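Under our numbering, the letters of the sequence shown match residues 84 to 149, in that order. Positions of the beta carbon are idealized from the N, C-alpha and C atoms, including for glycine. None of these values were measured; they are calculated from a predicted model. Okay, structure first, notes after.
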Amino acid sequence: MTVTVSPAATPDAATPDAAAPATEAAAPARAQAPAPTEAERATVPDFAGMVLQTAQDTAQAEGFFL
84 MTVTVSPAAT
94 PDAATPDAAA
104 PATEAAAPAR
114 AQAPAPTEAE
124 RATVPDFAGM
134 VLQTAQDTAQ
144 AEGFFL
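Structure, rendered in structure tokens:
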């Protein structure tokens, strides 16, 4: 099986809304997702029959994170 993966996005820290009055609690701004970058192709190892934790450890060792 072959899947396409993209680099993980790191959201920016939430900042208070500058337009909110000082007496009201400011709602945090929503972080915008970065523009998609060129995807990378990778072959997923065969996890059939593995214990969940072993399969997850194997996937992470290969660079797959969700």
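Three-state secondary structure assigned by DSSP to residue i
i	result
A144	helix
A138	helix
P153	Examination of residue 153 is not possible in this model, given that the chain is present from 84 through 149 alone.
A131	coil
E121	coil
Expected contact under 8 Å - CB spacing of residue i and residue j to nearest Å
i	j	result
T157	F130	The requested residue 157 does not occur in the structure, where the chain is confined to residues 84 to 149.
8 Å CB neighbourhood of residue i in its chain, flanking five on each side removed
i	result
P128	T141, A142 and E145
M133	T141
A138	F130
Q136	none
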